[in-house]
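Quick note: the sequence shown, position 107, residue 107 per the UniProt record's numbering, numbers continuous.
Glycine included, C-beta positions come from ideal geometry on N, C-alpha and C.
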Amino acid sequence: MRRGDRGEAKATRIHQSVTVNTPANVLCTVLTEQSHIVLTGFIPEKLCPRFCMNVPSLFHFTFLLREVRTPSWKPWILRKQQFSLPRVPLLQAAGKKNSFNLLGLTETELKEQFVRGDGPGGQATNKTNNCVVLKHIPSGIVVKCHQTRSAEQNRKLAREILQEKVDLFYKGEDSDVFKEKKASEKKKQEKKRRAKENLERKKHFKEMQQLDKK
């Protein structure tokens with residue numbers, strides 16, 4: 001038998017084995033070429049021996065493909081992107097509201113200390129010097145900040161609080177901080193007044209309903 005006849009007979013035997021063992025509705029052709037996988041949904045008339053696999057191998061291969069998960073982009077979308085910002089002085093970053101025209105502070109007028117904190121938080125709070133005590137030497141105002149576990153964050157918050165207190169100390173009623181507090185108190189009083197009026201109206205309405213029933 002010639003070499004060409006042997007190849008044709010071998011291909012015929014492989015084609016018959018795959019055709020007999022493979023159901024008609026099973027994906028049976030898997031072509032791999034240069035690391036690219038192509039799945040076809042039909043049974044070809046002629047199969048190449050190099051690119052054929054039996055049914056159990058095909059099932060295992062499709063199961064592996066089904067188990068492969070594409071990378072999820074949700075964490076990348078939800079995660080906060082942290083950009084490298086230039087370092088700015090603490091006094092420049094201080095100030096809760098940029099609209100406030102507060103007096104500036106200089107580091108030479110401040111005396112800063114780090115002490116141990118207190119309250120809930122365990123050893124991270126009670127055994128670390130992350131509580132900031134900041135004093136404004138000219139006015140003698142002292143603030144203590146221990147709102148977070150980060151000493152650096154507490155330093156910024158302490159300067160914000162101290163800057164507002166110093167501005168209120170020197171400007172008095174002309175300070176934006178004083179005006180903001182007055183406006184906030186006025187809003188709270190107005191809200192309480194409206195709530196009280198609504199309560200009286202509801203009470204009067206219930207009394208009228210009871211009189212109508214009688």
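Between the alpha carbons of residue i and residue j, how many angstroms are there, rounded?
i	j	result
Lys203	Lys191	18 Å
Asp212	Leu157	60 Å
Leu91	Lys206	The pLDDT assigned to Leu91 is 48, lower than 50, so where the model puts this residue is not dependable, and the model offers no usable value.
Arg159	Leu199	43 Å
Lys196	Glu180	24 Å
Gln153	Gln209	58 Å
Leu103	Asp174	12 Å
Arg194	Arg155	40 Å
Leu168	Lys188	21 Å
Lys186	Gln147	28 Å
Lys171	Ser184	19 Å
Glu107	Lys182	30 Å
Identify which residue in the options has its Cα closest to the Cα of residue i.
i	options	result
Lys111	Ala183, Leu162, Gln210	Leu162
Gly140	Glu207, Val132, Lys165, Val177	Lys165
Ile137	Gln147, Leu105, Ala151, Lys181	Leu105
Ser150	Val132, Asp167, Lys171	Val132
Can the beta-carbon of residue i be found less than 9 Å from the beta-carbon of residue j?
i	j	result
Val115	Asn129	yes
Leu134	Lys127	no
For residue i, collect the residues of the same chain with a Cβ closer than 8 Å to its Cβ; drop the 5 residues on either side in sequence, then sort them by chain order.
i	result
Glu109	His136, Ile137, Pro138
Phe178	Leu168, Lys171, Gly172
Arg201	none
So, for residue i: in the same chain, excluding its five sequence neighbours on each side, which residues have a beta-carbon less than 6 Å away from its beta-carbon?
i	result
Gln113	Val133
Please list, in chain order, all residues of the same chain as residue i whose beta carbon is under 7 Å from its beta carbon, the five residues on each side excluded.
i	result
His36	Only weak support is given to the placement of His36: the predicted model assigns it a pLDDT of 41, under 50, and the value that follows is read from those uncertain coordinates. Nothing meets the Cβ criterion.
Report task. Output the residue ranges of the beta strand (DSSP E) runs that lie fully inside the region 131-161 and measure 3 residues or longer, sorted by chain position. Result -> 131-136, 141-145
Requested in this report: Taking only runs that begin and end inside the region 162-195, name each unbroken alpha helix (DSSP H) of 4 or more residues, in chain order.
Outcome: none
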